[in-house]
Amino acid sequence: MPKGGFLLLLFYFSCLQSFSQQKEFEGVLNYKVEIKSKVPVFSDNVMKGILAKGNFMTGYIKEGNYRQSSGGNEIYFINASQKAYYKFKNVDTLYFLDYSTDIFPVPSVSKLKEEVTIAKYPCNAIELKTEESNTKYFYAPSLYINPAHDENNKIGGYNALIKETSAVWLSSIEESKTYSEKITATRIEQKEIDKSVFDLPNLPLKVFTLETVTKPPEYLRNGGWKNYLMKFTNNEVGAKYIKIPKGETSATQSVLVSFLITENGEVQQVKVENPKEVNSKVAKEAVRVVEESGKWKPGTIYGVRVPQYLKQSITFSVIK
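For the sequence shown, my numbering begins at 297 and goes up steadily by one.
Structural data, given as structure tokens:
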């Protein structure tokens with residue numbers, strides 16, 4: 297059953313290995329989803345949006361095809377095309393990744409001496425470690441999936457997981473630098489699934505990258521951001537406080553300002569990044585002009601409003 301994962305972001309799943317003569321699991325799984333943000337400016341709900349998750353998740357499994365539905369988002373893993381497809385609720389585009397995509401290699405896979413029962417199924421444990429996260433899966437050996445379907449699927453390190461396991465995962469606990477996520481099965485229904493469940497939406501296709509799914513904040517005043525800075529920055533501050541070196545006829549100081557545009561389009565956390573390189577009065581004016589810039593159109597990740605940090609260099613000059 298496919299599983300969502302980070303930023304950058306991407307989505308893990310696990311349905312796994314045994315002997316080829318075994319009957320494969322086919323059916324529907326219901327999961328409860330819990331996500332906690334570790335990023336101060338991202339609420340738990342914002343992080344859920346970034347991970348394309350809601351409070352619950354439904355998974356469908358049939359003959360090496362998987363579908364994950366959560367929070368109005370859909371992810372399809374289609375064996376015939378060897379691709380994963382992502383349909384986000386606020387975007388009229390179908391994004392895809394080839395199974396060969398190896399964004400976060402899995403250097404470590406370890407079976408653990410842990411046994412639990414989930415939704416009445418005895419489960420064993422296995423842990424995957426990457427540079428970005430550690431994920432512990434609890435899988436039910438009695439729910440077999442043929443690993444041959446996904447031997448080339450490197451998305452989320454799935455091919456590394458499939459080599460060591462032989463069952464559908466019923467729980468996962470993931471710890472990354474930016475969030476913690478726990479997904480637990482609450483109901484498993486073994487039944488025949490109609491193939492139409494895996495029919496893809498009729499939408500334009502585009503490769504999934506951070507660039508294609510991310511939109512930066514947009515300044516709303518007429519004339520745009522650069523025009524605002526030129527018009528409302530008090531350049532007399534530079535003339536008053538910047539000293540011209542001996543033998544020179546002019547001097548400049550560039551203040552590097554970082555600031556946060558919240559999911560509501562507000563400017564917060566304005567900070568000078570190079571305070572030792574500029575006059576304090578000049579730095580103060582740069583902060584002021586950013587703080588008073590007004591409302592922005594928030595940035596988005598696949599249609600979800602998210603806080604985003606920006607940086608802006610503001611230059612002050614003085615001429616004799």
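For every residue, glycine included, the Cβ atom is placed at its ideal position computed from N, Cα and C.
None of these values were measured; they are calculated from a predicted model.
*asked:* Would the segment 558-571 count as touching the segment 534-541 if we require 3 or more Cβ pairs under 8 Å?
replied: Taking 8 Å as the limit for Cβ pairs, the verdict is that the segment 534-541 does not touch the segment 558-571.
_Which of the three DSSP states is assigned to I458 in this structure?_
helix
_For A579, the three-state DSSP class (helix, strand or coil)_ = A579: helix per DSSP, three-state reduction.
*In the structure shown, what three-state DSSP assignment does N540 receive?*
First, the residue type needs correcting, since residue 540 is Ile and not Asn in the sequence shown. Three-state DSSP puts I540 in coil, outside helix and strand.
_Residues that DSSP places opposite A481 in a beta bridge_ = Y327
_Beta-carbon spacing of I479, S467 below 8 Å_ = yes
*Can you grab the Cα-Cα spacing for the pair S314 / K332, in whole Å?*
With a pLDDT of 33 at S314, under the threshold of 50, the modelled position of that residue is not reliable, and no figure is offered here.
_On a Cα-Cα basis, can you pick out the residue from G595, K593, S554 that is closest to R584?_
S554
*asked:* Beta-carbon within less than 8 Å of Q378's beta-carbon, same chain only, minus the 5 sequence neighbours each way: which residues are those?
replied: D394, Y395, S396, N448, N449
*Thinking just about the alpha-carbon of each residue, which of N430, T389, C419, N386 is nearest to the one in P403?*
Among N430, T389, C419, N386, the Cα nearest to that of P403 belongs to N430.
*Can you round the beta-carbon distance between F373 and Y362 to whole angstroms, since I take them to be within the 8 Å contact cut?*
4 Å
*Buried or exposed for A376, please, with buried defined as at least 16 other CB atoms from any protein chain shown within 10 angstroms of its CB.*
exposed
*DSSP state of K572, grouped into three classes?*
helix
*Expressed to the nearest angstrom, what Euclidean distance is found between the alpha-carbon atoms of S492 and Y356?*
11 Å
*Using the C-alpha atoms, what's the distance from E587 back to S366?*
37 Å
*What's the C-alpha gap between E359 and F494?*
11 Å
_Please state whether the Cβ-Cβ distance between K319 and Y391 is less than 8 Å._
no
*Got a sec, what are the start and stop residues for the beta strand (DSSP E) I615 sits in?*
Unbroken beta strand (DSSP E) run through I615: 604-615.
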